[in-house]
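What follows is a single structure, written as structure tokens, with notes after it.
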Ligand SMILES: NC(=O)c1ccc[n+]([C@@H]2O[C@H](COP(=O)([O-])OP(=O)(O)OC[C@H]3O[C@@H](n4cnc5c(N)ncnc54)[C@H](OP(=O)(O)O)[C@@H]3O)[C@@H](O)[C@H]2O)c1
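Residue numbers (our numbering): 400 to 727.
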């Protein structure tokens, strides 16, 4: 299989970071970019030496030369953008949170299956070496049965009703923007929880700060905090009967993980610097899947993405929050 030709939809912050990662990753070619405005697409294309610039997302979706589309638009647009790409026959890597709700995700997964296409949430954390090392420690019984997970993520941002982060019509709020990472960690390690207890500080139709407790029937639990208002360490701990694992700060993108025994003695330290900027690992995972003809990533399985969407649906149900025009 030759290089994968990528198309990028949206030319904002993360699209730039992803394009930089793609430019430094072997086996992929940054082939096309689309913006709602052709001038923006042209500027982006020149910056990253991209051959095709489109002034509409549809034109890119319909370009049959593209092997995979990366969707880097605001949350509220993911569903329509991804659906259009899948219906046009494109494999899709879609930014987090993948959709506004589980109902939308189901439609995307069904459409991908009907069209025999690859679909993955761009949950880069799950593709990173430090995270995979922690998974290996857990799988090989280094910390025994998992009893507790603690993870938090804050991104201090001044409230601005015009910013996508705070706009209900853009799918704003700390839950879909930030809590999705610690929730993904907890779900990936312990599976779908049996109980979700959540509380949030709401303002202007979105959640600013969330505290979420997840419980499993076997007594395991996870404590998750996320928000725009208060500083947190942005770290994560996975604790088992025989020991625990602590990730470096900014756990979702860390290059470090440390394994401890139950007395707190260090057993193993793992460090793996990024090859480019950290997003290359999810790109390589998509490349691997496509070259093997897979429609789903083993590292970011559809079932995990769906479980996290269901947990977030339950949190929003508990808070009485609904996005405007939210379709299921
Ligand atoms: N994985 C990560 O580490 C990470 C980090 C940050 C963000 N994200 C995710 O990536 C997505 C984009 O975030 P971002 O920070 O890159 O956002 P951003 O800077 O605002 O860029 C989003 C882009 O989407 C396009 N767009 C389409 N409809 C839009 C609308 N109604 N309003 C504004 N822009 C619109 C715009 O591109 P055009 O004008 O070119 O069409 C815009 O530049 C979000 O889903 C976010 O959760 C992921």
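Backbone N, C-alpha and C define an ideal beta-carbon position, used for all residues, glycine too.
Just so we're clear, the structure is a prediction, and the values are computed from it rather than from any experiment.
- Scanning 581, 611, 614 and 640 for the CA closest to the CA of residue 646 turns up 581.
- In this structure, the beta-carbon distance from residue 475 to residue 606 does not fall below 8 Å.
- The C-beta distance from residue 488 to residue 514 rounds to 6 Å, short enough to meet the 8 Å contact threshold.
- For residue 586 against residue 707, the beta-carbon gap comes to about 5 Å, under 8 Å, which counts as contact.
- Counting the other CB atoms within 10 Å of its CB gives residue 538 a total below 16, which places it among the exposed residues.
- Between ligand 1 and the CB of residue 563, the shortest heavy atom gap is smaller than 7 Å.
- A Cβ-Cβ separation of about 6 Å places residue 427 in contact with residue 682 under the 8 Å criterion.
- Where residue 546 is concerned, the enclosing beta strand (DSSP E) starts and stops at 545-553.
- Cβ-Cβ distances below 6 Å link residue 591 to 706 in the same chain, with the five nearest sequence neighbours on each side left out; the list follows chain order.
- Checking the DSSP bridge columns, you'll see residue 407 partnered with 432 and 469.
- One alpha carbon belongs to residue 417, the other to residue 433, and they sit about 14 Å apart.
- When the Cα atoms are used, residue 436 and residue 685 turn out to be separated by approximately 28 Å.
- For residue 489, the Cβ stays outside the 7 Å cut-off from all heavy atoms of ligand 1.
- Around the Cβ of residue 663, a 10 Å sphere holds fewer than 16 other Cβ atoms; the residue is exposed.
- Taken through DSSP and simplified to helix, strand or coil, residue 565 comes out as helix.
- According to DSSP, residue 714 shares a beta bridge with no other residue.
- For residue 646, the uninterrupted beta strand (DSSP E) run begins and ends at 642-646, by DSSP.
- Residues of the same chain with a CB within less than 7 Å of the CB of residue 457, apart from the 5 flanking positions on each side, are 483 in chain order.
- Annotation: the continuous alpha helix (DSSP H) that includes residue 442 extends over 437-446.
- Less than 8 Å divides the Cβ of residue 407 from the Cβ of residue 469.
- By the criterion of a C-beta distance shorter than 7 Å, residue 697 is surrounded by no residue of its chain, once the five residues flanking it on both sides are discounted.
- Taking a C-beta distance under 8 Å as the contact criterion, residue 430 and residue 449 qualify as a contact pair.
- Closest by C-alpha distance to residue 584, out of 480, 506 and 552, is 552.
- Using a C-beta cut-off of 8 Å, the region 626-644 makes no contact with the region 500-514, since fewer than three inter-stretch Cβ pairs fall below that distance.
- The C-alpha of residue 643 lies about 14 Å from the C-alpha of residue 655.
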